[in-house]
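Following: one structure in structure tokens, then a few remarks.
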Amino acid sequence: MTPSNQGGAAAKSSIVHESYTIKEGLKIIERFFSVPLDYSKPKGERITIFARNVIPKSKAPKQEDEAKLPFLVYLQGGPGFEINLPSSGGYVGEIHDKGYQTLWVDQRGTGLSTPLSPDTLPEHVKTDEEIAQYLKHFRADNIVRDCEFIRLELLGHKELPEDKKWTLLGQSFGGFCAITYLSFHSEGVKEVFITGGLAPLVEQPDLVYETVVHQVLKRNEAYYRKYPQDIKRIRDILAYLDSTEVILPNGGQLTPRRWQQLGINFGMHGGIDSVHQLVFRASNDLALFKKISYKTLQSIQNQQTFDGNPLYAILHEPIYCQGQAANWSAARTVQNFDSFSWQKVKAQDDSSPIFFTGEMIFPHMFDDYTNLRPWKGAAEILARDSSWGPLYDLDQLKKNEVKVSAVTYFNDMYVDFSLAQRTAATIQNTEQYITNQLVHDGIRKDSVDVMRKLFKLSKREFD
1 MTPSNQGGAA AKSSIVHESY TIKEGLKIIE RFFSVPLDYS KPKGERITIF
51 ARNVIPKSKA PKQEDEAKLP FLVYLQGGPG FEINLPSSGG YVGEIHDKGY
101 QTLWVDQRGT GLSTPLSPDT LPEHVKTDEE IAQYLKHFRA DNIVRDCEFI
151 RLELLGHKEL PEDKKWTLLG QSFGGFCAIT YLSFHSEGVK EVFITGGLAP
201 LVEQPDLVYE TVVHQVLKRN EAYYRKYPQD IKRIRDILAY LDSTEVILPN
251 GGQLTPRRWQ QLGINFGMHG GIDSVHQLVF RASNDLALFK KISYKTLQSI
301 QNQQTFDGNP LYAILHEPIY CQGQAANWSA ARTVQNFDSF SWQKVKAQDD
351 SSPIFFTGEM IFPHMFDDYT NLRPWKGAAE ILARDSSWGP LYDLDQLKKN
401 EVKVSAVTYF NDMYVDFSLA QRTAATIQNT EQYITNQLVH DGIRKDSVDV
451 MRKLFKLSKR EFD
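This is how it looks when you write it as structure tokens:
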């Protein structure tokens, strides 16, 4: 069954909302929507989706002006992350300056949208199999269905067909969702902007990790070129973690393999420096106290978001799956590189660095992270599952008529550049701004440049 509304999205949901104004003239409307958990069963179990509507008062000084502003929907990166209250500056300000009102949707299972965690599952979802089957409803296909449900609620009454459409901005995984949107519900989309999110159009993630692992290797090499003294420091830290049970403040365990996962930060601006600061502090602790202090452990724990955003872990590899199983793809990939194996590197001399891993999910995480432990059995079931539905329609993308403007990062550690180029070549009507001066979080690092490049691309003015 291809992603569709299955008759459910046209039905009216109860919209609960409240509004207020924050600094610098932004009116906030908090909206809640009741949607089907499973769109093939529109009269079945329902969940709540939260969306924050932000209206720049400078563009709509009177209430009657608000409805005239076109909608831009922001699709968050992830999977599994909520959206914080937007500010008036940065890329948000650039969007509002263009005359949009914005809608910031907490994707199902995150934030205020029936957030999912081991402690918030419905009472009827208990066994590992039940948990796995329940979590399968929280991928991009249903995120798009939710957006369509909301669009019809907010814009379905408009008279002109173009007024019933809205614009999408997808960052990272949000870009993946936007491409799913184009595959199955392009009739609801006026225009698409994507930043660091030209999704690999694959059926399972092996090719994804086989390509991004080389960027991870490069970032490790850059790290040790900048901080060569950290080779010995990190070896000493991992030797300590290897011989000592170190419990984090929330009950998780800091193992050598969990320490290596700090490398997920290497793909962001300033990420290498932030990891070095943790290395420097932990090394100093060991020299002074023969242990890692509570403060340092707290800082390490705060750098790893999987406990608070467990969908990020359990659904990370399934976001690439269409009719095939993931089978712990990242874990199988890194086994081919000795530099990621502490067991092998520790047997070498002190000049041999141990490499950090990147944005990768491993089976051991469901032992090391306290809030992932209850989902260990479900994670194994999902890793073996090959019954995933479609996320993309290549035929539809090849004849896409919706304008797609993308910012693509040449050195992106999370979304491989070569695979992004295949995607851009597949989706008709796509134009890119490609840069090697920014990385994956470029929309936050240089908001003005990124958004203005996107808006310039959107004009489709060529020499």
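The opening position of the sequence shown corresponds to residue 1 in the UniProt record's numbering, with each subsequent residue numbered one higher. All residues carry an ideal CB built from backbone N, CA and C; glycine is no exception.
From residue i to residue j, what distance separates their C-alpha atoms?
{"i": "residue 473", "j": "V246", "result": "Only positions 1 to 463 of the chain appear in the structure, and residue 473 is not among them; the question remains open."}
{"i": "D230", "j": "L155", "result": "55 Å"}
{"i": "I28", "j": "S352", "result": "53 Å"}
{"i": "K98", "j": "V54", "result": "14 Å"}
{"i": "F184", "j": "D106", "result": "21 Å"}
{"i": "S4", "j": "P70", "result": "Low per-residue confidence applies at S4: pLDDT is 40, beneath 50, and the placement is therefore not dependable, though the value from the model is reported in the following sentence. Approximately 24 Å, taken between the alpha carbons."}
{"i": "P249", "j": "L116", "result": "22 Å"}
{"i": "H96", "j": "T102", "result": "8 Å"}
{"i": "T333", "j": "M360", "result": "10 Å"}
{"i": "I264", "j": "V275", "result": "10 Å"}
{"i": "D368", "j": "D307", "result": "10 Å"}
{"i": "N142", "j": "G389", "result": "11 Å"}
{"i": "F417", "j": "L288", "result": "44 Å"}
{"i": "K57", "j": "A67", "result": "12 Å"}
{"i": "M1", "j": "S387", "result": "Per-residue confidence for M1 stands at a pLDDT of 40, beneath the threshold of 50, marking its modelled position as unreliable; the derived number appears in the next sentence. So the two alpha carbons sit approximately 12 Å from each other."}
{"i": "D385", "j": "F340", "result": "27 Å"}
{"i": "residue 469", "j": "I272", "result": "Residue coverage of the chain in this structure runs from 1 to 463, which leaves residue 469 outside it and unanswerable."}
{"i": "L198", "j": "L286", "result": "43 Å"}
{"i": "N336", "j": "T21", "result": "54 Å"}
{"i": "P310", "j": "L372", "result": "6 Å"}
{"i": "E162", "j": "E191", "result": "11 Å"}
{"i": "Q260", "j": "G267", "result": "14 Å"}
{"i": "G90", "j": "D350", "result": "44 Å"}
{"i": "A222", "j": "L262", "result": "15 Å"}
{"i": "D446", "j": "E45", "result": "42 Å"}
{"i": "R452", "j": "I194", "result": "13 Å"}
{"i": "A239", "j": "A282", "result": "12 Å"}
{"i": "Q343", "j": "D236", "result": "14 Å"}
{"i": "F362", "j": "I314", "result": "10 Å"}
{"i": "A406", "j": "Y294", "result": "43 Å"}
{"i": "T435", "j": "V448", "result": "14 Å"}
{"i": "F33", "j": "G80", "result": "19 Å"}
{"i": "V439", "j": "P200", "result": "17 Å"}
{"i": "L457", "j": "T120", "result": "43 Å"}
{"i": "residue 468", "j": "F455", "result": "There is no way to answer for residue 468, as the model of the chain reaches only from 1 to 463."}
{"i": "E431", "j": "V450", "result": "14 Å"}
Can you name the residues that DSSP bridges to residue i?
{"i": "H17", "result": "R31"}
{"i": "K403", "result": "E191"}
{"i": "L72", "result": "T102, T167"}
{"i": "T114", "result": "Bridge partners of T114: none, in fact."}
{"i": "Y312", "result": "BP columns for Y312 are empty, so no partner."}
{"i": "I47", "result": "V35"}
{"i": "Y409", "result": "T435"}
{"i": "I22", "result": "L26"}
{"i": "N53", "result": "I29, L103"}
{"i": "Q253", "result": "I247"}
{"i": "T430", "result": "V404"}
Just tell me which of the options has its CA closest to the CA of residue i.
{"i": "I15", "options": "E30, L160, E24, F173", "result": "E30"}
{"i": "G109", "options": "A424, Y312, Y20, K456", "result": "Y312"}
{"i": "G25", "options": "S88, F50, R52, N53", "result": "S88"}
{"i": "F280", "options": "L182, Y227, I319", "result": "Y227"}
{"i": "L297", "options": "Q277, H316, P310, N309", "result": "Q277"}
{"i": "S186", "options": "L454, Q324, Y392", "result": "Y392"}
{"i": "K158", "options": "R139, F33, G188, Y20", "result": "G188"}
{"i": "I49", "options": "S19, K41, I83, N284", "result": "I83"}
{"i": "F173", "options": "K43, Y320, K346, L238", "result": "Y320"}
{"i": "C177", "options": "Q204, P205, D146", "result": "D146"}
{"i": "T408", "options": "L135, Y433, R52, L241", "result": "Y433"}
{"i": "W104", "options": "L85, D119, D242, F366", "result": "L85"}
{"i": "N220", "options": "G358, Q301, D38", "result": "G358"}
{"i": "F355", "options": "V92, P200, Y224", "result": "Y224"}
{"i": "G323", "options": "L382, P256, G80", "result": "L382"}
{"i": "V345", "options": "N302, R257, Q303", "result": "R257"}
{"i": "T180", "options": "L207, Q133, A140", "result": "A140"}
Using 6 Å as the cut-off, classify the Cβ of residue i as near or not near the heavy atoms of the ligand SAH, replying yes or no.
{"i": "A378", "result": "Of ligands this structure carries none, so the ligand SAH is not represented either."}
(message) Does the structure place the segment 156–170 close enough to the segment 53–63 that three or more beta carbon pairs sit under 8 Å?
(response) no
(message) Across the segment 207–222 and the segment 412–420, are there enough close Cβ pairs to call them in contact, namely three or more that are closer than 8 Å?
(response) yes
(request) Check whether the segment 68–86 touches the segment 110–126, taking contact to mean three or more Cβ pairs, one atom from each stretch, closer than 8 Å. (result) yes
(request) Count the CB pairs spanning the segment 203–212 and the segment 424–438 that are closer than 8 Å, and state whether there are at least three. (result) no
(request) Could you tell me whether the segment 326–344 touches the segment 393–403, where touching means 3 or more Cβ pairs closer than 8 Å? (result) no
(message) As an exercise, report each continuous alpha helix (DSSP H) stretch of at least 4 residues that is fully enclosed by the segment 316–356, in chain order.
(response) 329–334, 342–345
(request) Starting from the N-terminal side, write out each stretch of the beta strand (DSSP E) that is 3 residues or longer and does not extend beyond the segment 256–291. (result) none
(message) Using 8 Å as the cut-off, can you tell me whether the segment 399–408 makes contact with the segment 250–257, which would need three or more C-beta pairs spanning the two stretches below that distance?
(response) Look at the beta carbons and you see the segment 399–408 not touching the segment 250–257: under three pairs across the two are nearer than 8 Å.
(request) Would you list, in sequence order, the uninterrupted alpha helix (DSSP H) runs of no fewer than 4 residues that lie entirely inside the segment 190–234? (result) 206–226
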